Amino acid sequence: MIDTHVHVWRLGRNGCTWPSAADGPLHRDFVLDDYWATAGVCGIKEAILVQSQEAASDTEWLLEIAADDDRIAAVVGWADIAGADAPRRVQALAACPKLAGLRPMVQHRPAGYYDDPDLAAGLAAVADAALSLDALVREEHLPALGRLAARLPLRIIVDHAAKPRIGDSNGLSAWRERIAPLADHDHVAVKLSGLLTECGGARQDAIVPYVDALIGLFGSDRVLWGSDWPVINAVSDYAAWQAQAVALVPQAAHDGIFSANARRWYRLKSQVTA
Numbered sequence: 089m090i091d092t093h094v095h096v097w098r099l100g101r102n103g104c105t106w107p108s109a110a111d112g113p114l115h116r117d118f119v120l121d122d123y124w125a126t127a128g129v130c131g132i133k134e135a136i137l138v139q140s141q142e143a144a145s146d147t148e149w150l151l152e153i154a155a156d157d158d159r160i161a162a163v164v165g166w167a168d169i170a171g172a173d174a175p176r177r178v179q180a181l182a183a184c185p186k187l188a189g190l191r192p193m194v195q196h197r198p199a200g201y202y203d204d205p206d207l208a209a210g211l212a213a214v215a216d217a218a219l220s221l222d223a224l225v226r227e228e229h230l231p232a233l234g235r236l237a238a239r240l241p242l243r244i245i246v247d248h249a250a251k252p253r254i255g256d257s258n259g260l261s262a263w264r265e266r267i268a269p270l271a272d273h274d275h276v277a278v279k280l281s282g283l284l285t286e287c288g289g290a291r292q293d294a295i296v297p298y299v300d301a302l303i304g305l306f307g308s309d310r311v312l313w314g315s316d317w318p319v320i321n322a323v324s325d326y327a328a329w330q331a332q333a334v335a336l337v338p339q340a341a342h343d344g345i346f347s348a349n350a351r352r353w354y355r356l357k358s359q360v361t362a
């Protein structure tokens, strides 16, 4: 099993400015030893590190620690993809052996962020380098993300299913209407991750129709499972979320969603065996 969404951080180091004290149990260091102590007993063989800071130093650190751990199959880093100089920054990172993709942090930016022409050169460089774009977005960003998918043959992986408002009474229909057009692009995939965090006051089984919709819209070959550790700890725990996901995904789709899709979408070269 491959975990496609893992964060590590050291407070005040490597560009780390989040989480803050207001984030309670997340406001401490989380490092790879902590992760493997939890994930290893859950049968995880490989993982993908994902940036959590808008800082080049964070990505540099992730690449350093990934180089020393064969179980880290890839890194999804961060780079400033705006401006004329963006291609140079992207190309420099693309030369790093374990760098598989980039993730701009868009969740708090305007809905039309991906329509900005200042991003055109940087996004084209991501595509040219055969990197993926992890889209950390909310559902209001999905129309602009769809327009990006229509104009550029870029592998896009939508993180956390675009953070649907699961606690809202009309959350499912509004989210589905926005995410469904993205499924028409075969170079767009979605992560089965972060849904419990978006439940708000709803019961955790409220995610069931969202999981069903993801698999129904994107198919079993364009959905990737991720833990979103350690953020998951704020609302559940690693083993419980893994077990819930395994139960919700049809048995015939297990190999793809929990392993094979990660290899294909992130173009992983490693293959750790038991």
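Residue 91 in this note's numbering is what sits at position 3 of the sequence shown, and the numbering runs on without skipping anything. Don't be surprised by glycine CBs; every beta carbon is placed ideally from N, CA and C. Here the structure is a predicted model, which means the values were calculated and not measured.
Annotation: the segment 170 to 254 contains the following complete segments of the alpha helix (DSSP H) (minimum length 4 residues), in chain order: 174 to 182, 208 to 216 and 230 to 239. The three-state reading of DSSP puts T147 in helix, counting H, G and I together.
In the DSSP assignment, I136 falls within the unbroken beta strand (DSSP E) covering E134 to V138. Taken atom to atom, the span from the alpha-carbon of I303 to that of V163 is near 25 Å. Segment contact: the segment 105 to 115 against the segment 126 to 135, fewer than three CB-CB distances shorter than 8 Å; contact not assigned. Scanning its chain for C-beta atoms nearer than 6 Å, with the 5 sequence neighbours on each side dropped, one finds around D316 the residues H93, S281 and G282, in chain order. A contact is defined here as three or more CB-CB pairs under 8 Å, and the segment 286 to 305 meets this definition with respect to the segment 334 to 347.
Rounded to whole angstroms, the separation of the alpha carbons of D156 and Y123 is 15 Å. Contact between H229 and A199 holds: CB atoms are separated by about 6 Å, below the 8 Å threshold.
V178 is positioned such that its CB atom lies closer than 9 Å to that of V214.
When H115, F118 and C130 are compared, the shortest CA-CA separation from M89 is found for C130. If you draw a straight line from the Cα of D222 to the Cα of A127, it comes to about 22 Å. Under the three-state reduction of DSSP output, G304 falls in the helix class.
Looking at the backbone, the Cα of E152 and that of W97 are separated by about 13 Å. If you compare the alpha carbons of G234, A271 and D204 with that of D309, the shortest gap goes to A271. Around W263, the same chain offers E227 and P252 as residues with beta carbons nearer than 6 Å, after the five sequence neighbours per side are excluded. Secondary structure note for T126: its alpha helix (DSSP H) is the uninterrupted segment L120 to A127.
DSSP places H115 outside both helix and strand once states are collapsed to three, so it counts as coil.
Under the three-state reduction of DSSP, G282 is assigned to coil, being neither helix nor strand. In the DSSP assignment, I160 falls within the beta strand (DSSP E) that extends over I160 to G165. Straight-line spacing of the CA atoms in L190 and G307 works out to 24 Å. Contact between I244 and E286 fails: their C-beta atoms lie close to 20 Å from each other, not under 8 Å.
Judged by DSSP secondary structure, V334 falls within the alpha helix (DSSP H) whose first and last residues are Y326 to L336.
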